[in-house]
Structure formats: structure tokens, C-alpha cells
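Residue numbers (my numbering): 1492 to 1685.
The following block contains the structure:
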């Protein structure tokens, strides 16, 4: 892929999580299983898949997925760029901390633990309003579309499929399994920290 637009590495992670058979392409089934949100219908998902499939191969590649979303980011474009930078900085800081912690003084170890807890507190403070807004718009969309047969949402959690769940619940479960923070920005696995 040519020079990647800022913030698009997030969608490489989306692609990796959606590509359940790791063949480098998203089938309609993989696309539907990942993107179904309890609001959109199977037919609408199929139409969206065909819109994104500009190569007309009946499979999506990372370029098609990134191109589609890059044209629809709107006010989120800057945020995805910031998240990409945050991921890179966090990975670097955690790797350095993991390497230095065992030989650091007792006080330096205390400071590392404090800074890590505070980093977590700050991330949670940012997460809460996004989660609240996301849940609100999902619930509103579900109410507006009641009576329409939405695509079922199933969450594959390490090989287990707990069944159809509303979109916001499914998304919440999938968030926990994002590999975005398990690899560095160059795709290098992060150090097993502790």
C-alpha cells in the first residue's frame, strides 16, 4: 500500500480483527459478522459491502476498507490521527518502562506505577464520554428501526460465540479484543510488560 494517510492504521487493526480466517481478505460473511451492529439489516450490510468492494472481487482488501472509511471520517479524522500517535507513544513508554523497571530504584518503581495508574485514569476519562455517546446513538437507532429485521450480531471471543447481542454490547465486547494496543505502530509486538 502507498503512503498511508494519518489515522488509518486503526482500520488495519479493524481489518485484522474482522479477517477471521487470516487470508488477507474480508468475505461478505466476515464483513457481516464484524460490522453488524444490531441496527443495520443484512441487505444494507450486503449493499455496503458491494459499495466498498471497488475491485469487484467479492472480497475486501485493506486498501478498499481504508479508502472507504477515509472518505467518511469527517470530524473523527483528527481523533483517529491522535489515537494513532497516542498508541505509538504509549507503546514506546510501556516498552521502555518494562525494560527499566526491574533495575530501577524503589522510588523510581513507585513513580512508574503511579504514572501508569494515572495514564489509565486519563484514558478512562476520555473513554467514558465516547462510550456514553456511542450507547445513546445506538439505542436511539435501535428504537427508530424497531420492527425492521436487523442483521444479527454475534461476538467471537477467542473462538466462543455467545450469540446474537445488540450492537452496542457486541461492540463493547469486541473493544476488549482489539489488537491495536498489542502491536507497535510498525507492527512490532509490544513487550510482555509484567
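Backbone N, C-alpha and C define an ideal beta-carbon position, used for all residues, glycine too.
Just mark residue i as buried or exposed, buried being the case when its beta carbon has 16 or more other beta carbons within 10 Å.
{"i": "residue 1523", "result": "buried"}
{"i": "residue 1530", "result": "buried"}
{"i": "residue 1615", "result": "exposed"}
{"i": "residue 1596", "result": "exposed"}
{"i": "residue 1758", "result": "Residue 1758 lies beyond the residue range present for the chain, which begins at 1492 and ends at 1685; the question has no answer from this structure."}
Please look up how many angstroms separate the CB atoms of residue i and residue j, rounded, as I've assumed it's under 8 Å.
{"i": "residue 1502", "j": "residue 1540", "result": "At roughly 15 Å, the Cβ-Cβ gap does not stay under 8 Å, so residue 1502 and residue 1540 are not in contact."}
{"i": "residue 1551", "j": "residue 1544", "result": "6 Å"}
{"i": "residue 1571", "j": "residue 1564", "result": "6 Å"}
List the endpoints of the continuous alpha helix (DSSP H) containing residue i.
{"i": "residue 1551", "result": "Where residue 1551 is concerned, there is no enclosing alpha helix (DSSP H), given that its DSSP letter is neither H nor E."}
{"i": "residue 1567", "result": "Per DSSP, residue 1567 belongs to no alpha helix (DSSP H) and is neither H nor E."}
{"i": "residue 1607", "result": "1597-1635"}
{"i": "residue 1509", "result": "1500-1509"}
Could you tell me which residues DSSP pairs with residue i in its beta bridges?
{"i": "residue 1517", "result": "1551"}
{"i": "residue 1582", "result": "DSSP output for residue 1582 lists no bridge partner at all."}
With a CB to CB cut of under 7 Å and the five nearest residues on each side skipped, what residues in its chain are close to residue i?
{"i": "residue 1600", "result": "1592"}
In chain order, what residues of the same chain have a beta carbon less than 6 Å from the beta carbon of residue i, not counting five sequence neighbours either side?
{"i": "residue 1525", "result": "1509"}
{"i": "residue 1588", "result": "1603"}
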